[in-house]
Every structure is written in C-alpha cells, then in structure tokens.
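**Q** Counting with the numbering used here, you get residues 3 to 143 for the letters of the sequence shown.
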Amino acid sequence: MYDSFTRMMLDDCHAFFRGRLPDALLPNEPAFEELWKLHPDEYHEIKMHGRLVKTPRWQQAFGRDYHYTGRVNSALPVTQHLAPFLAWGQRSIDARLNGILLNWYDGNLKHYLGAHRDSRANMIEGTPIVTISLGAERVFR
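1) Taking the alpha-carbon positions, what's the E35 to Y107 distance?
2) Identify every residue that forms a DSSP beta bridge with E47.
3) Tell me, which residues are paired with Q92 by DSSP?
4) With respect to 7 angstroms, is the separation between the Cβ of D108 and the closest non-hydrogen atom of the ligand GTP below this value?
5) Taking C-beta to C-beta, are Y68 and G101 nearer than 8 angstroms?
6) Ordered along the chain, which non-local residues of its own chain (more than five positions away) have a Cβ less than 8 angstroms from that of M10?
As structure tokens, this is what we get:
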C-alpha cells in the first residue's frame with residue numbers, strides 16, 4: 003500500500019506519507035475555478051476554549067458529516083468535480099475513505115490553517131487522514 007508515496011517518519015511509531023496526485027487529477031485553470039466556486043459564503047464555526055469562533059478559511063464537508071472541535075460540518079453531496087479525488091483516495095490509499103473536507107484559502111483575505119493536532123476520538127483504528135493541497139506551496143504541520 004502507498005507505493006507511490008514517500009514515508010516520512012515523525013518518531014518511532016508515527017509517520018506521514020507524501021505523494022503527488024496523478025496528472026489526470028491536477029486541475030487546469032477552468033477546473034480549478036469550478037472547485038473554487040464550491041466554497042461556502044460563510045465561515046464554519048468551531049469551538050475553541052469553550053467558545054465559538056469562525057475558522058480563518060472557508061470549509062465544507064462533502065459526502066459525510068465531519069465532526070470536530072465540538073461541532074459538526076454538515077456534508078453536502080460529493081460533486082462531479084470532487085468525485086474523482088475521492089475515488090482516487092479510495093483506490094490509492096484506503097477503500098474506507100468516505101468523504102471530503104475541503105478548505106479554501108484566499109491569500110488576499112489572509113486565510114490560514116494554524117498548527118494543530120487532529121483528534122483520534124471516533125476515528126476508525128488504522129484509517130488515515132488524507133490531505134490534498136492545490137495551489138501555492140505551504141508548510142504542512
């Protein structure tokens with residue numbers, strides 16, 4: 003499994019895998035614009051330190067509700083533009099992948115994703131978290 007990925011060890015027990023989308027999934031400009039148009043009008047609210055705050059980016063779940071930070075990002079159906087990404091993930095990474103959480107970062111609005119650690123509560127043991135990034139290069143922590 004993960005033949006087309008490079009294993010990056012974090013410590014003796016934890017690793018992440020780095021890879022590249024197949025060329026067929028890399029969107030051209032019109033396809034990227036279609037993906038960009040999917041962003042919601044409002045920012046999702048999450049619970050931090052007991053209070054609700056808006057995420058500093060647009061975010062939307064597709065296919066399966068996404069539960070985190072004491073909140074639920076209610077899923078919309080997987081669109082025709084997103085289905086190939088989910089299908090690739092299921093074929094290439096894990097057949098149990100069941101949804102997409104999409105983040106949109108607008109540099110003009112100073113959107114970001116701060117350093118954090120995903121909770122393992124309610125995760126199925128042994129399943130991965132898959133992140134696909136499109137656009138400008140960024141440090142991923």
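Ideal Cβ placement from N, Cα and C applies to all residues, glycine included.
**A** The relevant details are as follows:
1) Reading the sequence shown from its first residue, position 33 is the one you call residue 35. Reading the sequence shown from its first residue, position 105 is the one you call residue 107. Near 13 angstroms, if we compare the C-alpha coordinates of Y107 and E35.
2) The residue you call residue 47 lines up with position 45 of the sequence shown. DSSP output for E47 lists K56 as bridge partner(s).
3) Walking along the sequence shown from the start, residue 92 turns up at place 90. Note: Q92 is not bridge-paired with any residue in the DSSP secondary-structure output.
4) This structure lacks the ligand GTP, and indeed carries no ligand of any kind.
5) As a working mapping, residue 68 is identified with position 66 in the sequence shown. As a working mapping, residue 101 is identified with position 99 in the sequence shown. Cβ atoms of Y68 and G101: closer than 8 angstroms.
6) As a working mapping, residue 10 is identified with position 8 in the sequence shown. Non-local C-beta neighbours of M10 in its own chain, meaning closer than 8 angstroms and more than five positions away in sequence, comprise A17, F18, F19, R20, ordered along the chain.
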